[in-house]
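This report concerns only the one structure given below.
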Amino acid sequence: MTDAVVILSANQAFYDAFSTASFDLMKNVWSSSEEIVCIHPGWAPLYGQEAVMQSWSNILMGGHSPKITCHNAIAHFLKFDLCFVTCFESLQGGTMAATNIFLNEENSWKMIHHHAAPTAQHIPHISNDNSRLQ
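Heads up, our numbering is the position in the sequence shown plus 100, with the first residue counted as 1.
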């Protein structure tokens with residue numbers, strides 16, 4: 101499996117955890133490091149394991165998890181162990197632009213940063229088969 105396929109699979113695992121409201125899957129996507137950051141749309145940045153995982157627990161287990169799909173994902177490798185994915189998120193009639201940063205920890209890509217924000221651009225529905233490496 102190529103690095104591009106692996107990183108885009110890790111990115112898709114994040115959206116699978118989100119759309120199925122699985123806190124266990126979401127926790128597995130994220131690094132166990134304290135140096136993680138999550139910026140939900142309209143929220144202040146959350147820093148560290150406790151704050152980030154508590155936010156996901158509240159979203160996923162509180163019945164507020166929207167159905168979400170990821171489109172136009174592109175992997176951008178910075179170093180052999182650091183990569184970011186840019187993509188668009190479609191949920192409840194709105195579109196977000198997102199950046200997800202992954203670190204390779206012991207041969208497993210783990211999320212260390214997620215930032216999503218509304219975008220004015222309408223993104224046509226394109227399957228994840230069109231995801232690519234940049």
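Cβ atoms here follow ideal geometry from the backbone N, Cα and C, with glycine treated the same way.
* Asked: The beta strand (DSSP E) spanning E189 covers which residue range?
  -> Element bounds for E189: L182 to L191.
* Asked: In angstroms, rounded to a whole number, what distance separates the CA positions of A151 and S165?
  -> A straight line joining the alpha-carbon of A151 with that of S165 spans about 17 Å.
* Asked: Given 8 Å as the limit, is there contact between the stretch 128-141 and the stretch 171-185, that is, 3 or more CB pairs closer than that?
  -> Cβ pair count under 8 Å is below three, so no.
* **Residue from S122, Y115, I168 and M153 whose Cα sits closest to the Cα of G194** => Taking only the C-alpha atoms, the option nearest G194 is I168.
* Inter-residue spacing [alpha-carbon to alpha-carbon] between C138 and F202 -> A straight-line Cα-Cα distance of about 12 Å links C138 and F202.
* Would DSSP call E150 helix, strand or coil? -> Three-state DSSP puts E150 in a helix.
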